[in-house]
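Okay, so here's the structure we're looking at.
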Amino acid sequence: MAQFMVRVELHGADEDDYETLHEAMESEGFARQISSDDGVLYHLPTAEYYRDGDLSKQVVMDDAKIAVAKTKKKAGILVTKADGFRWYGLKKV
Numbered sequence: 011m012a013q014f015m016v017r018v019e020l021h022g023a024d025e026d027d028y029e030t031l032h033e034a035m036e037s038e039g040f041a042r043q044i045s046s047d048d049g050v051l052y053h054l055p056t057a058e059y060y061r062d063g064d065l066s067k068q069v070v071m072d073d074a075k076i077a078v079a080k081t082k083k084k085a086g087i088l089v090t091k092a093d094g095f096r097w098y099g100l101k102k103v
């Protein structure tokens, strides 16, 4: 199963726009949390999202674009397909 990290930066957005984005990304299958190898959940940094599945980078990008469109804002989107993750200092859920 592939793992993806997606960063979305809304241009000219406020806090309400990001709330709309968070909800829209969740409805498209993205999470704002990541699980460690021992099952502990951690919050991702603001406007970063995790997704896994038997998907291509293009499908993940297309789904992120659908979510961004719901904000009615322009955005920069970065999709990274990963071989795993390491982190430091993230807050536990």
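Under the numbering used here, think of the first position of the sequence shown as 11, with each following residue one higher. Ideal Cβ placement from N, Cα and C applies to all residues, glycine included. Small disclaimer: the values here were computed from a predicted structure and weren't measured.
- Between M35 and the set H21, T81, V103, the nearest pair of CA atoms involves T81.
- For M11, there is no enclosing alpha helix (DSSP H), as DSSP marks it with neither H nor E.
- In the DSSP annotation of this structure, K80 is not part of any beta strand (DSSP E), being labelled neither H nor E.
- DSSP places L51 in the uninterrupted beta strand (DSSP E) bounded by 51-53.
- L51 counts as exposed, since fewer than 16 other C-beta atoms from the protein chains shown sit within 10 angstroms of its C-beta.
- An exposed status is given to I76, since fewer than 16 other beta-carbon atoms sit within 10 Å of its beta-carbon.
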